[in-house]
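Notes follow the structure.
Structural data, given as structure tokens:
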């Protein structure tokens with residue numbers, strides 16, 4: 002799970018922090034993190050077949066519009082600006098085609 006709050010990035014696995022970073026641009030970090038999980042396009046499967054799932058909060062606008070970063074940003078709840086998880090097992094429902102796909106991603110180097 003990747004959590005970003007302001008310039009702090011924390012990555013956890015099974016509840017244990019495995020990486021922590023302080024970054025200038027959290028969106029650039031997410032882009033680089035996403036590259037670690039290159040999911041191939043496979044004919045016959047839906048476009049989404051695993052990878053990063055989560056949300057980008059409203060305050061992520063501060064990463065794009067730099068002048069907003071200087072404004073006070075009270076956050077009494079401490080909710081992450083970005084929260085993403087790596088989904089390596091998903092069930093995709095295609096209501097239009099009336100199909101369900103169970104997809105599990107594997108790392109060929111671990112086979």
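Numbering (the working numbering), first residue to last: 2 to 112.
Heads up, the beta-carbon is just placed ideally off N, CA and C, and yes, glycines get one too.
Source: prediction; values computed, not measured.
1. For the alpha helix (DSSP H) that contains residue 31, what are its first and last residues?
2. Which residue comes first and which comes last in the beta strand (DSSP E) that contains residue 56?
3. With DSSP collapsed to three states, give me the class of residue 93.
4. Could you check what DSSP says for residue 69 in three-state terms: helix, strand or coil?
5. Could you please give me the residues that DSSP links to residue 17 through a beta bridge?
6. Looking at the unbroken beta strand (DSSP E) that takes in residue 43, where does it start and where does it end?
7. Would residue 40 pass as a contact of residue 51 if the rule is Cβ separation under 8 Å?
8. By the three-class DSSP mapping on this structure, what secondary structure does residue 1 have?
Inspection of the coordinates gives the following:
1. In the DSSP assignment, residue 31 falls within the alpha helix (DSSP H) that extends over 27-36.
2. 52-57
3. strand
4. Of the three classes helix, strand and coil, the one that applies to residue 69 here is helix, per DSSP.
5. 14
6. No beta strand (DSSP E) contains residue 43, which DSSP labels as neither H nor E.
7. yes
8. Within the shown structure, residues of the chain are numbered from 2 to 112, placing residue 1 beyond reach of any answer.
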